[in-house]
Amino acid sequence: MVLRIILFLVTIGVSSQLPAKSHRGRSIPPEPRFDGVFERDHNHEEIANNVNSWSPNNLQNVWELSGLHEGDIMIHPDSPSWKNGLLDATARWPGGVVPYFIQEDDFDREQIELIEGAMEEYHDRTCLRFRPYKDTDDDYVKIQAKNSGCWSLVGRHGHGQVLNLQNPGCVHHGVIVHELMHALGFYHQQSAADRDEWVTIHWENIKSGKEHNFNKYDNRTVTDYGIAYDYKSVMHYSAHAFSRNGEPTITAKVMSVRHSQYSY
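Numbering (mature numbering (1 follows the signal peptide of the UniProt record, and there is no 0)), first residue to last: -16 to -1, 1 to 248.
Structural data, given as structure tokens:
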């Protein structure tokens, strides 16, 4: 009897030291070091409702409704002067490999397949790779679905970070690809240093207090790697982003081009 008790206690001790596993048998990481900081006047309920009620027929991209910097960029408190995106080596993922963990209770099977399908698009078109989190990983992206919109940090920040896809609202192919791009280190297309050669910003149509969302970055901050401005980029604002009156806030200078809203 005593021997059975000892064996039982030993078994419990060993099992308690084993790494936690998800429903799909994936290793569960520790909580990210940074999971988001919101301004005091951030209206969580209004934003969640706007994102929840969004449809692909809306004039704005859903991620523009998330109430953060440029709509969906979460700012890290340790980086008040901004990370330099892809020009900052510390913001890059070593070897172009991004470990990820999906909070499985936040999504159904079809949605998880949609998220991983968006990752496969990167695998098919680029040298970047997403792979499931391993117990030996220090840095990783946790994909969750809190009612706070669609958002991500830009680039790698270390010791875990969150990519949020409010559900429902943000779990669309184009939105997932967009937020993964931020996590990889990319900013919005219309923030490019040469954007004024390609688009006109209609400042008179922008909501008061949202003008900063249309600022440009210089070539010391971000790089386009020699790729031409792309009106149809998944990273481009919609034509009516942050409009105060229903009129366009961005128009293409090449009249034959209709930019923005990625196919969802």
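The beta-carbon is built from N, C-alpha and C at its ideal position, and this holds for glycine as well. The structure presented is a predicted model; accordingly, all values stated were derived computationally and were not measured.
Outcome for residue i when other beta-carbon atoms lying within 10 angstroms are tallied against a minimum of 16
i, result
"K67", "The pLDDT assigned to K67 is 41, lower than 50, so where the model puts this residue is not dependable; a value taken from the coordinates is nonetheless given after this. It counts as buried."
"A4", "exposed"
"P152", "exposed"
"K237", "exposed"
"A225", "buried"
"I31", "buried"
"R228", "exposed"
"R24", "exposed"
"N41", "exposed"
"I127", "buried"
"I190", "buried"
"G193", "exposed"
Alpha carbon of residue i to alpha carbon of residue j, nearest angstrom
i, j, result
"S65", "F85", "Here the model assigns S65 a pLDDT of 44, short of 50, so the residue's position is not dependable, and the following value carries that caveat. Cα to Cα, S65 sits roughly 29 Å from F85."
"L137", "V155", "18 Å"
"R8", "V81", "21 Å"
"F22", "Q173", "24 Å"
"Y117", "Y124", "7 Å"
"G69", "R204", "Any reading at G69 must be qualified, since the residue scores a pLDDT of 49, below 50, and its modelled position is unreliable; the value itself is stated next. Distance between the alpha carbons of G69 and R204: 10 Å."
"E231", "H186", "9 Å"
"V218", "E94", "22 Å"
"N45", "S175", "16 Å"
"V183", "I57", "22 Å"
"V206", "Y171", "8 Å"
"F91", "C111", "27 Å"
"G79", "R113", "9 Å"
"S6", "E181", "49 Å"
"D202", "D19", "28 Å"
"E29", "L98", "26 Å"
Integer Cβ distance of residue i from residue j, believed to fall under 8 Å
i, j, result
"L147", "A129", "Actually they are not in contact, since the Cβ atoms of L147 and A129 sit about 10 Å apart, beyond 8 Å."
"V159", "L149", "7 Å"
"I96", "E105", "Actually they are not in contact, since the Cβ atoms of I96 and E105 sit about 15 Å apart, beyond 8 Å."
"E100", "W135", "In fact, because the Cβ distance is near 20 Å, the residues do not count as touching under 8 Å."
Beta-carbon gap between residue i and residue j smaller than 9 Å
i, j, result
"Y213", "G55", "no"
"G142", "R10", "no"
"A102", "H157", "yes"
"F198", "T235", "no"
"G144", "P61", "no"
"L49", "G169", "no"
"A223", "K200", "no"
"R109", "P83", "no"
"G139", "R179", "no"
"N131", "N34", "no"
Beta strand (DSSP E) runs contained entirely in the stretch 19 to 60, provided each spans 3 or more residues | As far as the stretch 19 to 60 is concerned, it has no whole beta strand (DSSP E) run of at least 3 residues.
If you scan the stretch 146 to 180 from start to end, which runs of the beta strand (DSSP E) of 3 or more residues do you find wholly inside it?
-> Counting only runs of 3 or more, we get nothing.
Would you list, in sequence order, the uninterrupted alpha helix (DSSP H) runs of no fewer than 4 residues that lie entirely inside the stretch 83 to 139?
-> 93 to 109
Inside the stretch 174 to 238 only - alpha helix (DSSP H) runs reaching at least 4 residues = Listed in chain order, nothing qualifies, since the stretch 174 to 238 has no complete alpha helix (DSSP H) run of 4 or more residues.
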